[in-house]
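*Asks:* The sequence shown begins at 5 in the working numbering and counts up by one.
For every residue, glycine included, the Cβ atom is placed at its ideal position computed from N, Cα and C.
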Amino acid sequence: ASRVEDIIGKRDYDFFSAASSEPFYREEQAIMESNQAVLERVEEINVDTPDRRRWVLSSKIPLTDAQGTVTGLIVISRDITSLKQGEEALRAAKETAEAATAAKSVFLATMSHEIRTPMNAVIAMTDLLTGTKLTPEQADYVNTIRVGGESLLSVINDILDFSKIEAGKLELEEYAFNLVESIEETMHLLAPRASQKLLNMRLELGDDVPGWVVGDAGRLRQIVMNLLNNAVKFTESGEVNIAITATGSGAQRRLHFAIQDTGIGIPAERMNRLFQSFSQVDSSTTRRFGGTGLGL
5 ASRVEDIIGK
15 RDYDFFSAAS
25 SEPFYREEQA
35 IMESNQAVLE
45 RVEEINVDTP
55 DRRRWVLSSK
65 IPLTDAQGTV
75 TGLIVISRDI
85 TSLKQGEEAL
95 RAAKETAEAA
105 TAAKSVFLAT
115 MSHEIRTPMN
125 AVIAMTDLLT
135 GTKLTPEQAD
145 YVNTIRVGGE
155 SLLSVINDIL
165 DFSKIEAGKL
175 ELEEYAFNLV
185 ESIEETMHLL
195 APRASQKLLN
205 MRLELGDDVP
215 GWVVGDAGRL
225 RQIVMNLLNN
235 AVKFTESGEV
245 NIAITATGSG
255 AQRRLHFAIQ
265 DTGIGIPAER
275 MNRLFQSFSQ
285 VDSSTTRRFG
295 GTGLGL
């Protein structure tokens, strides 16, 4: 209807199909009988054909006379079709993006797994070669292959773990392990690199830190390794320390791991980039020190 005259005296049935009009008629009768208003309800209207579907935001208020008797109904409707169409487009785009992300995670996990298996074989063969009679030059070649293979395997493992986390499939185990031994073993792995830089590495334990704990030792070592590896990588001189303290009492304790170093540090304005995947503080850091930006 384009004129007021076309609306006055007409019913829903005069504008819409019986299937569309009947629910509105029943609801409006119920509102008048109960004398209870309905405010800002989203309603969908099918105007004969699907391509003419509309959404309105309606308020329906009983109209009463001086004695309080309901004599009619005031209905105010606002067309919100564009808003609803925008919401549907956003929902569809979100679902498409989520599907693409899931596919990417599955692809990364599959490819990382397929690459990791032969890479482990390459590293194992270099270990066997190291035990054979080699000239100094050959030994240097084999060592270069081993170091490169281990570096690539580390990147692959990071990507594989990242894919598992994205897919919600990273599972933590629970078993008893020696906390101090686990951390010391992790520090021992980084000791050669620290020694090359003449860095001092020290472990400090709080008085209440338990010797044995229950949890996932492998994941704990991975976390501590990532933090210590960053500290050693970005520290040219001085020291790298790890301090462990505990809070709480009884069987449930909260452990705090703090790594402190004398390295290059991170500008305060770039701290918000610390936990962005595949990102480092700046591009010069990536060029100089390498890394995937997945560790943290």
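1) Determine contact between the segment 109-127 and the segment 149-164, defined as no fewer than three beta-carbon pairs at a distance below 8 angstroms.
2) Are the Cβ atoms of Met205 and Val146 separated by less than 7 angstroms?
3) Please state if the CB of Leu176 and the CB of Val217 are separated by a distance shorter than 7 angstroms.
4) What residue does the alpha helix (DSSP H) around Ser158 start on, and which one ends it?
5) Output the boundary residues of the alpha helix (DSSP H) element that contains Ile248.
6) In this structure, how does DSSP classify Ala180 when only helix, strand and coil are distinguished?
7) Determine the burial state of Phe279: buried for a count of at least 16 other Cβ atoms within 10 Å of its Cβ, exposed for fewer.
8) Within the continuous beta strand (DSSP E) that includes Leu112, where are the two ends?
9) Buried or exposed: which applies to Ala235, given that a residue is buried once 16 or more other Cβ atoms fall within 10 Å of its Cβ?
10) Can you list the alpha helix (DSSP H) stretches of 4 or more residues lying completely in the segment 14-57, in chain order?
11) Give the C-beta separation of Ile246 and Leu224 to the nearest angstrom, bearing in mind that I take them to be a contact with Cβ-Cβ under 8 angstroms.
12) Have a look at Gly242 and Ile248 and give me their C-alpha separation to the nearest angstrom.
*Replies:* So, to answer that:
1) yes
2) Counting from one through the sequence shown, the residue named residue 205 turns up at place 201. Counting from one through the sequence shown, the residue named residue 146 turns up at place 142. Going by C-beta atoms, Met205 is not nearer than 7 angstroms to Val146.
3) Working through the sequence shown from its first residue, we reach residue 217 at position 213. Working through the sequence shown from its first residue, we reach residue 176 at position 172. Not in contact: Val217 and Leu176 (Cβ atoms no closer than 7 angstroms).
4) On the sequence shown, position 154 is the one that residue 158 refers to. Where Ser158 is concerned, the enclosing alpha helix (DSSP H) stretches over Pro140 to Glu170.
5) Position 244 of the sequence shown, counting from 1, holds the residue named residue 248. Careful: Ile248 lies outside any alpha helix (DSSP H), inside the beta strand (DSSP E) at Glu243 to Thr251.
6) In the sequence shown, the residue the question calls residue 180 occupies position 176. Three-state result, Ala180: strand.
7) Here residue 279 corresponds to residue number 275 of the sequence shown, with the count starting at 1. By the 10 Å Cβ count, Phe279 comes out exposed.
8) One-based indexing of the sequence shown puts residue 112 at position 108. Unbroken run through Leu112 is the alpha helix (DSSP H), Thr85 to Thr134; no beta strand (DSSP E).
9) By one-based count along the sequence shown, residue 235 stands at place 231. Buried, since its Cβ has 16 or more Cβ neighbours within 10 Å.
10) 22-38
11) Taking the sequence shown and counting its residues from 1, one reaches residue 246 at position 242. Taking the sequence shown and counting its residues from 1, one reaches residue 224 at position 220. Not really, about 12 angstroms apart at Cβ, beyond 8 angstroms.
12) As a position in the sequence shown, residue 242 is number 238, starting the count at 1. As a position in the sequence shown, residue 248 is number 244, starting the count at 1. Approximately 20 angstroms between the Cα atoms of the pair.
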